[in-house]
Amino acid sequence: MNNARAVTLLREALGSPAMSPGTFLGLASPTAIEVAALAGCEWVLLDLEHGGGTLEQVGPSVQAAAAAGIPLVVRVQRPERSVVGWVLDQGVAGVMLPRIESVEDAKEYVSYFDYPPKGQRGVASYTRSAGWGSHSVRDTARGVCMIQIETTGALDAVSEIAQLDGVDSLFVGPLDLSFALGVPEDFDAPVFREAVTTVVAAARAAQIPVGSLISDPARISSMRDYGMDFLALGSDALALRKGLADQVNHVRQSDTSS
235 MNNARAVTLL
245 REALGSPAMS
255 PGTFLGLASP
265 TAIEVAALAG
275 CEWVLLDLEH
285 GGGTLEQVGP
295 SVQAAAAAGI
305 PLVVRVQRPE
315 RSVVGWVLDQ
325 GVAGVMLPRI
335 ESVEDAKEYV
345 SYFDYPPKGQ
355 RGVASYTRSA
365 GWGSHSVRDT
375 ARGVCMIQIE
385 TTGALDAVSE
395 IAQLDGVDSL
405 FVGPLDLSFA
415 LGVPEDFDAP
425 VFREAVTTVV
435 AAARAAQIPV
445 GSLISDPARI
455 SSMRDYGMDF
465 LALGSDALAL
475 RKGLADQVNH
485 VRQSDTSS
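So the mapping is simple: this note's numbering equals the position in the sequence shown, first residue as 1, plus 234.
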């Protein structure tokens with residue numbers, strides 16, 4: 235699967251009428267991408283902000299995702315021009331930008347996705363995104379720009395951010411946003427629920443998809459009620475820990491009852 239196809243698949247998944255499931259990758263294992271695809275995930279996100287991976291895992295992860303037939307998004311540690319451009323050159327389908335504080339921030343960071351004169355992305359023809367020189371750089375698919383709304387500054391400016399040319403999607407960072415609003419991990423707090431509703435409304439007005447992350451399956455219904463278009467179902471690390479913990483508990487319960 236080439237880069238253009240991966241970008242198309244991601245745009246289709248995020249914009250689908252049904253809520254699109256994916257997951258975060260924190261273990262930096264390309265094999266986990268294959269497992270996620272077999273589990274039915276429609277996209278995966280390599281988390282370089284909080285996960286165990288580094289930029290070295292981007293290339294192998296792109297290859298693994300292509301082999302598995304699903305698009306790969308990368309969340310960078312910080313929205314730096316050289317980092318965003320390099321990640322896009324590796325052929326990822328999209329890049330998630332954390333810690334946005336204002337519409338000015340978003341406007342600057344969005345420019346890293348486009349080549350001059352529209353944007354600031356550096357131009358090279360020998361990259362994976364350009365098919366290793368097999369086609370013109372001008373024909374390179376533009377990666378999906380996903381803006382995280384997780385600070386009070388981004389929340390206050392979310393309507394303007396969503397309307398910016400080049401912003402393709404919004405993503406509610408639930409933990410960071412709950413802390414920023416003074417209700418840590420209280421996803422049922424009125425101020426938190428109002429904030430999520432505001433983000434979804436901004437996305438709807440701009441006609442772009444909006445998603446979020448959960449760690450508890452019980453919250454899927456509330457995400458659907460908000461109107462989320464896509465949902466990250468925890469992470470590979472959370473799934474591994476929970477799956478093993480459930481089985482370990484079964485073993486201990488059987489020992490107790492015998």
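Glycine included, C-beta positions come from ideal geometry on N, C-alpha and C.
Quick caveat, the model's predicted, so the values are computed rather than measured.
What's the gap between the Cα of residue i and the Cα of residue j?
i: V371; j: R458; result: 39 Å
i: Y346; j: Q487; result: 54 Å
i: D480; j: K341; result: 45 Å
i: R438; j: M462; result: 10 Å
i: S250; j: S359; result: 32 Å
i: E335; j: D489; result: 53 Å
i: V406; j: D420; result: 14 Å
i: A364; j: P351; result: 19 Å
i: V310; j: L261; result: 15 Å
i: L521; j: H484; result: With the chain covering 235 to 492 only, the question about residue 521 has no answer from this structure.
i: I267; j: L411; result: 27 Å
i: V326; j: N237; result: 7 Å
i: M330; j: E314; result: 12 Å
i: A269; j: R312; result: Going by the sequence as given, residue 269 is Val instead of Ala. C-alpha separation (whole angstroms): 28 Å.
i: D281; j: T361; result: 22 Å
i: I395; j: V337; result: 5 Å
i: A473; j: A466; result: 12 Å
i: G318; j: V425; result: Note that residue 318 is Val in the sequence shown, not Gly. Cα-Cα distance, rounded: 32 Å.
i: T432; j: G367; result: 43 Å
i: G353; j: E290; result: 26 Å
i: S254; j: P332; result: 21 Å
i: G256; j: H369; result: 30 Å
i: E384; j: G416; result: 12 Å
i: G445; j: V482; result: 33 Å
i: G477; j: Y343; result: 38 Å
i: A471; j: A436; result: 32 Å
i: G356; j: Y349; result: 7 Å
Going by DSSP, what residue range makes up the beta strand (DSSP E) through residue i?
i: F258; result: 254 to 259
Check for me: the alpha helix (DSSP H) holding residue i runs from which residue to which?
i: V392; result: 392 to 397
i: L204; result: Past the boundaries of the shown model lies residue 204; the chain is included only from 235 to 492, so the question cannot be answered.
i: S412; result: 408 to 414
i: P264; result: 264 to 272
From the DSSP output, read off the bridge partner residues of residue i.
i: D281; result: R309
i: S403; result: M380
i: A466; result: G256, L447
Could you tell me which whole alpha helix (DSSP H) segments of length 4 or greater appear in the region 302 to 382? 315 to 323, 337 to 344
Please give me, in chain order, every unbroken run of the beta strand (DSSP E) with length at least 3 that falls completely inside the region 423 to 461. 444 to 448
The region 393 to 407 in contact with the region 293 to 303 per 3-pair CB rule at 8 Å: no
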